[in-house]
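Q: Next up is a structure, given as structure tokens.
In the UniProt record's numbering, the protein residues as written are 1 to 313.
Quick look at the structure:
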């Protein structure tokens, strides 16, 4: 089936979802590329010029997903799961995020785009190969991000290296090497025999408090040494939450109007990425003894005598 003919599309009609963006969001080379592209567009008279068309997917059916968003500001903001969705007929950008960022800087309002009808899964598949044939070459980290996204899909976890390489637009050797390393990581981190980690109860917590993570799972003895820096980790996650809150406020108080450079990066996406990373670290930290009951058990800690890492202070 031949590719659709490029059509002119207004950039404001495109939905830019960072889950479909596998480029590095923040880097000096990205900023330089955006600036260079923007200058070229201005040379063309505030038009798209000779840049390749964008690639987009027109959703033929709604797409729904759940996302963790911060509930409150500051160090102890909790993450709440929220259901979000895109209605049918949403047009998702899958290739050309850097070009669109340059267009924002240059004041370009429309561009040619190849638009495919399809689903969210189709958008992901097209996004995997984005920029593999033109534009700024993908870095090793960007290619690894694409391969992780492919291997996260159940239907591709056992696929041959050649098939994965074709999907990612990379060499077979790179695909096989990444797949092998990923499988080794998963094998090392998985519980023996595929059994879920033991969950601490109120009776056993007293003897292992400080060696239980925030989900109540006992931390294996072989990992105890990794938690020597727990106090520093808690301090760092708190500082990161504060920074995320400040960035969010800055972005919401006319940040883009006052500082055009904000067009280079998506501040809101940056805040969400930081908070997700913080939440992941916090859930792996040992639980702290409850400050209300001091280990006796109360409603504040649900009788478990310890608090989640996110609530520990």
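Beta carbons: idealized from backbone N, C-alpha and C, even for Gly.
Just so you know, these numbers come straight off a predicted model, no measurement behind them.
#1: Quick check on this structure: which residue in 171, 141, 186 has the alpha carbon closest to the alpha carbon of residue 152?
#2: Residue 8: buried (16+ other C-beta within 10 angstroms of its C-beta) or exposed?
#3: Would you say the segment 46–59 touches the segment 90–97, given that touching needs at least three Cβ pairs under 8 Å?
#4: Taking DSSP as the reference, what is the three-state secondary structure of residue 24?
#5: How about the segment 138–154 and the segment 170–187: do they share at least three Cβ pairs that are nearer than 8 Å?
#6: Which residue or residues does DSSP assign as beta-bridge partners of residue 65?
#7: If you measure between the beta carbons of residue 113 and residue 54, is that distance less than 8 Å?
#8: For residue 180, is the classification buried or exposed, using 16 other Cβ atoms within 10 angstroms of its Cβ as the cut-off for buried?
#9: Using a Cβ-Cβ cutoff of less than 6 Å, which residues in the same chain neighbour residue 67 once the five nearest sequence positions on both sides are dropped?
#10: In the DSSP assignment, find the beta strand (DSSP E) that holds residue 110 and state where it starts and stops.
#11: Tell me the DSSP secondary structure of residue 11 in three-state form.
#12: Just how far apart, CA to CA, sit residue 47 and residue 10?
#13: Around the C-beta of residue 142, are 16 or more other C-beta atoms found within 10 angstroms, so that it is buried, or is it exposed?
#14: Can you give the beta carbon distance from residue 139 to residue 24, rounded, assuming they're within the 8 Å contact cut?
#15: Do residue 176 and residue 161 have their beta-carbon atoms positioned less than 8 Å apart in this structure?
#16: Roughly how many angstroms lie between the CA atoms of residue 30 and residue 79, to the nearest whole one?
#17: Could you spell out where the alpha helix (DSSP H) holding residue 352 opens and where it closes?
#18: List the DSSP bridge partners of residue 71.
#19: Buried or exposed, going by whether 16 or more other CB atoms sit within 10 Å of the CB of residue 109?
#20: Thinking C-alpha only, which one of 63, 166, 52 is nearest residue 118?
#21: How is residue 5 classed by DSSP in three states: helix, strand or coil?
#22: What residues are listed by DSSP as bridge partners for residue 95?
#23: What residue range does the alpha helix (DSSP H) around residue 18 cover?
#24: Rounded to a whole number of angstroms, what is the C-alpha to C-alpha distance between residue 115 and residue 4?
#25: By the 10 Å Cβ neighbour count, where 16 or more other Cβ atoms means buried, how is residue 70 classified, buried or exposed?
#26: Using only the alpha-carbon positions, how far apart do residue 86 and residue 22 sit?
#27: Kindly indicate which three-state DSSP category residue 48 falls into: helix, strand or coil?
#28: If you draw a straight line from the alpha carbon of residue 45 to that of residue 123, how long is it in whole angstroms?
A: On the basis of the coordinates in this document:
#1: As a working mapping, residue 152 is identified with position 152 in the chain shown. Measuring from the Cα of residue 152, the nearest candidate turns out to be 186.
#2: By one-based count along the chain shown, residue 8 stands at place 8. Result: exposed.
#3: yes
#4: Taking the chain shown and counting its residues from 1, one reaches residue 24 at position 24. Residue state, collapsed to three classes: coil.
#5: yes
#6: Sequence index remark: in the chain shown, residue 65 carries index 65 (1-based). Looking at the DSSP assignment, residue 65 forms a beta bridge with 84.
#7: The residue you call residue 113 lines up with position 113 of the chain shown. The residue you call residue 54 lines up with position 54 of the chain shown. Yes.
#8: Indexing the chain shown from 1 puts residue 180 at position 180. Result: exposed.
#9: Translated into positions along the chain shown, residue 67 becomes position 67. Here the set comprises 82, 84.
#10: Taking the first residue of the chain shown as 1, we reach residue 110 at position 110. Looking at the DSSP string, the run of the beta strand (DSSP E) that includes residue 110 is 110–118.
#11: Looking up residue 11 in the chain shown gives position 11. Helix at residue 11.
#12: On the chain shown, position 47 is the one that residue 47 refers to. On the chain shown, position 10 is the one that residue 10 refers to. If you take the alpha carbons of residue 47 and residue 10, they lie about 12 Å apart.
#13: Along the chain shown, one-based indexing puts residue 142 at 142. Result: buried.
#14: In the chain shown, residue 139 corresponds to position 139, counting from 1. In the chain shown, residue 24 corresponds to position 24, counting from 1. So it is a contact: roughly 7 Å between Cβ atoms.
#15: To locate residue 161, count along the chain shown from 1; it is residue 161. To locate residue 176, count along the chain shown from 1; it is residue 176. Yes, they are a contact pair.
#16: Start at 1 with the first residue of the chain shown, and residue 30 comes out as number 30. Start at 1 with the first residue of the chain shown, and residue 79 comes out as number 79. Going from the Cα of residue 30 to the Cα of residue 79 covers about 30 Å.
#17: Here the chain comprises residues numbered 1 to 313, so residue 352 is not present and cannot be evaluated.
#18: Working through the chain shown from its first residue, we reach residue 71 at position 71. Answer is 78.
#19: Position 109 of the chain shown, counted from the first residue, corresponds to residue 109. Per the 10 Å Cβ criterion, exposed.
#20: Here the question's residue 118 lines up with position 118 in the chain shown. Residue 63 is the option with its Cα nearest to residue 118.
#21: The sequence position of residue 5 within the chain shown is 5, counting from 1. Coil at residue 5, not helix or strand.
#22: Reading the chain shown from its first residue, position 95 is the one you call residue 95. DSSP, once it has assigned bridges, lists 55 as partnering residue 95.
#23: The residue given as residue 18 occupies position 18 in the chain shown. Run containing residue 18: none; DSSP gives neither H nor E here.
#24: Counting from one through the chain shown, the residue named residue 115 turns up at place 115. Counting from one through the chain shown, the residue named residue 4 turns up at place 4. If I take the Cα positions, the gap works out to 7 Å.
#25: Mapped onto the chain shown, residue 70 falls at position 70. Residue 70 comes out buried.
#26: Here residue 86 refers to the residue found at position 86 of the chain shown. Here residue 22 refers to the residue found at position 22 of the chain shown. Near 20 Å, if we compare the C-alpha coordinates of residue 22 and residue 86.
#27: For this step, residue 48 is matched to residue 48 along the chain shown. Coil, per DSSP.
#28: Within the chain shown, residue 45 is the residue found at index 45, counting from 1. Within the chain shown, residue 123 is the residue found at index 123, counting from 1. Near 31 Å, if we compare the C-alpha coordinates of residue 123 and residue 45.
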